[in-house]
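Residue numbers (numbering that gives the first Met the number 0), protein chains in the order written: chain A, 0 to 736; chain B, 0 to 736.
Each residue gets a CB set at the ideal place from its N, CA and C atoms; glycine is no exception.
First the structure, in the form of structure tokens, and then the observations on it.
Number of protein chains: 2
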Amino acid sequence: MLVSALLTSLGINSGLCILFFTLYSVLRKQPINYDVYIPRLVAEGKQNQASHFRLERLLPSPGWVRRAWILSEDELLASSGLDAVVFQRLITFSLRVFALAGVIGIFVLLPLNCLGDQLEDVDFANFSNNSLDVFTISNVKNGSKWLWFHFASVYAVTIWTCYLLYYEYNYISAKRIECFYSSKPQPHQFTILVRGIPVSQGSSVSDSVDKFFSEYYPSTYLSHMVVRRTNKLRGLIGESKKLYKRITHLQSDPNQQRAGCCGCLGLFRRHRADLVDQCEKKLGDLEENVRMQQSEVSSSEEETRAAFVSFKSQYAAATVFHLQQSVNPTEWVTERAPEPNDVYWPFFSSSFMKRWIYKIVVIVACILLTILFLIPVVIVQGLTNLNQLEVLFPFLTSILKITFVSSVITGYLPSLILQLFLKSVPPIMEFLSSIQGYIAHSEIIKSACNKVIWFTIWNVFFATVFSGTVLYQVSIFLDPKSIPARLAVAVPAQASFFIAYVVTSGWTSAATELFRVIPFICSLLRRPCAGNTEELEIPTIPYHRDIPRILFFGLLGTTYFFLAPLILPFLLIYFCLAFIIFRNQFINVYRSNNETGGRFWPNVHNSMIFSLVLMHAIAVGIFTLKKLSMASTLIFPLPVLTLLFNEYCRKRFLPIFSSYSAESLIKKDRQDENDPSMPEFFSKLVSAYQDPALMPIQYSSGRDDTRTTPLLSTEAEAEAEAEDGDGDGDGEEAHRF
Amino acid sequence: MLVSALLTSLGINSGLCILFFTLYSVLRKQPINYDVYIPRLVAEGKQNQASHFRLERLLPSPGWVRRAWILSEDELLASSGLDAVVFQRLITFSLRVFALAGVIGIFVLLPLNCLGDQLEDVDFANFSNNSLDVFTISNVKNGSKWLWFHFASVYAVTIWTCYLLYYEYNYISAKRIECFYSSKPQPHQFTILVRGIPVSQGSSVSDSVDKFFSEYYPSTYLSHMVVRRTNKLRGLIGESKKLYKRITHLQSDPNQQRAGCCGCLGLFRRHRADLVDQCEKKLGDLEENVRMQQSEVSSSEEETRAAFVSFKSQYAAATVFHLQQSVNPTEWVTERAPEPNDVYWPFFSSSFMKRWIYKIVVIVACILLTILFLIPVVIVQGLTNLNQLEVLFPFLTSILKITFVSSVITGYLPSLILQLFLKSVPPIMEFLSSIQGYIAHSEIIKSACNKVIWFTIWNVFFATVFSGTVLYQVSIFLDPKSIPARLAVAVPAQASFFIAYVVTSGWTSAATELFRVIPFICSLLRRPCAGNTEELEIPTIPYHRDIPRILFFGLLGTTYFFLAPLILPFLLIYFCLAFIIFRNQFINVYRSNNETGGRFWPNVHNSMIFSLVLMHAIAVGIFTLKKLSMASTLIFPLPVLTLLFNEYCRKRFLPIFSSYSAESLIKKDRQDENDPSMPEFFSKLVSAYQDPALMPIQYSSGRDDTRTTPLLSTEAEAEAEAEDGDGDGDGEEAHRF
């Protein structure tokens, strides 16, 4: 790729970014867009929805940047939880790593590479005609003494990264424990999930649980809640909710309706009244059906062999969780309970074998997905080699001759196509994780995050580097001793592609994140049809999409900083954008939900260690290739030491992320004992893990709590409403506590 | 190798076996050999040492075979513990596996192989001139339909082995729990070992432990015992024991001395009296020194940061063991305590980092050992190829031409040399395991056992099969996709070597185990010098030597049964010998010590699964080589299913072997509560984990409890003696409980 192609890509993307930023600065101030750009503020009542028109609303202003910048970590922690803090720290960690790497790369390595003459001299006169390769290590003369600077920089950046990794792990684990101490008592800390409950003939699961825990934990056992099969019921409830929505839509203001998308004027007005009656009747039937099903499910026949069991202290719950309960390890299997609103009810398989088989199926599915995904990647790779394209499609030759077209095709298009395909991966991985048998939304997201990281590394990095068939790639990994040599040849060759990738994928993704393109378009389309009857939905941040992306850029930065230092400024700009934009989104858009307490960090750590070791492997290959075998030998201790460092961190910090220590649990329990609200807490704890499908249907939630259906006003519902009074508007699965 | 060479080896070994058996039958009846052949019976007082001479004592008799045969499993369990039962079950398991494999191999596969004519027709007239290859699968015609019998037998044996593995795992885990329920309360079940104890300035480790457990476990904490650095003290005690032995030797009957090896007659008699005086004075000084050191060590300066902490119930101890105690996972690290007499005091490193570094050092040492060991293996391999030898040493040509010599060299010598080198491996591995940071003798043995298994598989199996340099071997494993093909070529080629190996190594090892060659020779040499003053030492069975051997024969049987079924009869004979001989040795020779409760079995299971998968890999290669690609494709599901089966077993049974369930612990605790001897037990528990080096020196133990030294009869010692009154004579580290 030539410098000109890179400049084209840079131009397009910078333009897009500036456009998005300007549009955002204007549009976010229009009350009509509050649902898209500041749903969180609106839900929290911090922003009045209807404010008067002022001229400055039409001028772009950077005030939001300032607000995002001054947000302190404690504020973020208080408003969005530890996960958001960890996410922010991941960005600042990356910034720190690449600040040093950037200084070394730009001021030391880049001049050295340019001054080399292995490939060609830099044509300073016609700068944009230079191949990007002259800025890479390939341009340094073989066996040159200058390569020792590259060698030293590999050591320096590795040590710096490891130091920062240690510092962050230490900081986040301390933060995690601090949060635990300062938190109010929460139901999931007093509860465990038990699966594989053996049932003797004639007794129910509930009896069995009661008998077991009353016998062995008489002093600490509090209550239990058996999980029931509610998939059918869930379907019915979904149907009636849909129907309810339709009725409210039909009943809503006819004036607004007239201006609607369908253009249905007075013609159908009478017809509509009939329709509403009809629908209401149908809804009544459905609700009757739901109530029947609920009472049916509540009978013992629909019990699964799983139950949430609550205890009187957190230490007691932890004890039961850590010890194998039954003589048969496949029975009475204990698991940490998720938060009540984090429970993933739909796929609640309780049998040991079933979950195990599903897990294997998911692994196979992931492998298949990886193989199928290579097809678009290979096509994308074809585009970067224009000659190949011309051979395949000779009729394109004339078009491809135009400089701008060829620049776009080689510089911008490949990344864009890859980008679009990659968009589909996080949802697919989320789906796969959800059938893997996790019981918590947060666990599903965490597992999906991990899957997406490795998928991206494999399918974007390795597939691009070793462009070829799956079998070819696999064959490389089946021949491990040649990996460094192959990497050394293939990785620098793709430097220009990845520089363009950072610009296209990174910058654009940050800008679209800010502008929220898809929600904005949806809101535009929905507005004329639905009016204001739609509920305000506050989104949650999709960690499984954003963390892998940032980590992948970390991998690119780590592996390329000494090969092609030109990538670093673009990366640093990306991280700066991400820093400001995500802070802004945490303030304005995303709600905190399903807190994991920073449990994403070990995945981040592992991924960074992998990047470092990969970088060392490439360094070994490069120095061998560059005929500086002394340097390639001296690199060898580095991966060994890095892996030992990783092993040490695993021992030192990982246990903190998997469970709390006895010391802190006992301390917390003693602290709670003095809390006067504990009796009330325990009385609520008993029913905390009730399946929402077994509760009376609630058609609305959040800010429109007052607008309950007139069809349903039984006493039971009134009670449920009352209990939900302190709901914080967390969408459909409002925190019932 | 020709049939004749095999027959030579067979002849030599059968002769040796018969010789050993006959000698054993006679010698074991001589009272002078009781110490060698029935030390256990003597120690238990079941055999009177001095019985009168009868003629039948000189005639070989097979009575011991009958006695070993009729020993029931319950008797074995009662007398030698669960580990002995597991060991015996390993032998019967192997017998069962190879009974089916033997029937299939001998009656179906062997005739098919012989009737094939890929290599040559069998020369029935001059049988011993046939190459052994005609009995292997290599002789079946390529692409022959007969190979489907081999295919079916692979499936049949795999299914049969997996069924038996499941059955055994199930049986042994049930037995383990049964033993736990029926056992008396034991100190190690109430105790945990805590390492990495943080100490604040000015306080001692003991205070720190007391404070921590009194604060967090006030209701269950009983007592603790800080571990102290006693290496120096141990050296002094060793010295004084040596000196004491010398004094008793000098003081012993001069008449016997006169007939001694040194031939020192009356000349030195006066001189000896002086010597005794001198030694006794020196001993007195030493003991004074020991007592001073003991009081010094007991001061807090020599405390390590580790302590044994005892609790009032087993469930409490298990809880503390399973939960991470401190916020910092490298502090207050808990570990299961071993039995008091199983503690390995010498190498008691308490720091987290130190143990970790030692572990890495041991791994590196193991790798080095493996590399160095290949040298003798390569030489051995040279012997099986006589031609190579003739090229290297031309002067040997004339000798090698003699049929018998060449038969011995190719058939017997290679296995013997390998055998001798292999003898040194278990002690080395035991030493390596001991510096790895294990705190129990039984753990060391278990870890050594595992090391020896993999060492044997790698260094005997793979090194023989892929005879060549280490680098060549490593390069094979770095190119995994070609492994089946290479195995298919190399493995059948070594069939004759391994058949000879079974006969030489297996049969001879069984026979020498019975005859106890080395202890017998030692006893012969020692007898004239030392007379009867030597203490009777009851040996323990070296599981880390015998389990790997049996497992390795299992591996050979599994991988070769369909390639060279001729190996099976020899294997079956070996297992039958082992069956009888080890039973006999458990009755007569070995004491039970350092019980692990059957925790060897998971290692056995893993090794068998590895053998099966290796066999499948070879089968894939073989069927491809034999041009029956359909069969090689159809083998593929087999390793996958085997590994899934293994995974299931890991989940189903492995937890039972790592710890007892809460259910059983609570049940046991309740059972113990009703035991009237518990207060006494607890009062003993407080001092159970006292370092023996800090107790008054005891010069004798076991059967000669009455012969305590006259130099040491303080009150403290009298107490210690009284406490040790119920000692069961378990050698030096008598069970102090």
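| Query | Result |
| --- | --- |
| Secondary structure of B:S172, DSSP reduced to three states | helix |
| For B:S181 and B:S222, the rounded distance between their alpha carbons | 26 Å |
| Residue burial classification, A:C648 (beta-carbon count within 10 angstroms, cutoff 16) | buried |
| Limits of the alpha helix (DSSP H) - the one that B:F496 falls within | A494 to Y500 |
| Residues that DSSP places opposite A:L192 in a beta bridge | A:F307 and A:E334 |
| Under 7 Å by beta carbon: chain B residues contacting A:R651 | P328 and T329 |
| Integer Cβ distance of A:A364 from A:T190, believed to fall under 8 Å | Their Cβ separation, rounded to whole angstroms, is 31 Å, which puts A:A364 and A:T190 out of contact at 8 Å. |
| B:R485 versus B:T229 - alpha carbon distance | 54 Å |
| Within 8 Å of chain B by C-beta, residues of the segment 195-227 of chain A in sequence order | Y215 |
| Amino acids of chain B, ordered along the chain, whose beta-carbon sits closer than 8 Å to that of A:I665 | Y215 |
| Neighbouring residues, chain B, relative to A:H187 (Cβ below 9 Å) | In chain order: nothing, as chain B lies at least about 18 Å away. |
| Contact check, B:L554 vs B:S610, beta carbons under 7 Å | yes |
| Minimum Cβ-Cβ distance from B:E662 to chain A less than 7 Å | yes |
| Residues in the segment 431-464 of chain A having any Cβ partner in chain B nearer than 8 Å | none |
| 7 Å Cβ cutoff, B:P38 in contact with chain A | no |
| Local conformation of A:M607 per DSSP, three classes | helix |
| According to DSSP, residues forming a beta bridge with A:R590 | A:T539 |
| Spatial distance of A:G730 from A:L368 (CA atoms) | Any reading at A:G730 is ruled out, since the residue's pLDDT is 36, under 50, leaving its predicted position unreliable. |
| Inter-residue spacing [alpha-carbon to alpha-carbon] between B:F394 and B:Q418 | 27 Å |
| Neighbour-count burial assignment, A:T402, 16 or more Cβ in a 10 Å radius | exposed |
| Three-way DSSP call (helix, strand, coil) for B:N12 in this model | helix |
| Buried/exposed call for B:C16, threshold 16 Cβ in 10 Å | buried |
| Euclidean distance between Cα positions of B:S130 and B:L89 | 34 Å |
| Burial state of A:N583 (16 or more Cβ within 10 Å) | buried |
| Close Cβ partners of A:F514 (< 7 Å) along its chain, the five nearest in sequence each way excluded | F19, L22 and Y23 |
| Nearest-angstrom Cβ-Cβ length linking A:T160 and A:V96, presumed shorter than 8 Å | 5 Å |
| Rounded Cβ spacing between A:V85 and A:G556 (contact assumed at less than 8 Å) | No, A:V85 and A:G556 are not in contact; Cβ-Cβ is about 20 Å, not under 8 Å. |
| B:E43 (DSSP reduced to helix, strand or coil) | coil |
| Contact set between B:H321 and chain A, taken where Cβ atoms lie within less than 7 Å | H321 and L322 |
| DSSP state of B:V296 mapped onto helix, strand, coil | helix |
| Residue from B:I427, B:P197, B:H321 and B:K445 with nearest C-alpha to B:V361 | B:I427 |
| Whole alpha helix (DSSP H) elements within the segment 182-242 of chain A, 4-residue minimum | 204-215 |
| Residue range of the unbroken alpha helix (DSSP H) whose run includes A:F320 | Q313 to H321 |
| For A:E302, the residue or residues it bridges with in DSSP | A:R227 |
| A:A4 to A:A151 span [Cα, whole Å] | 32 Å |
| At least 3 beta-carbon pairs within less than 8 Å: the segment 571-578 of chain B vs the segment 493-508 of chain B | yes |
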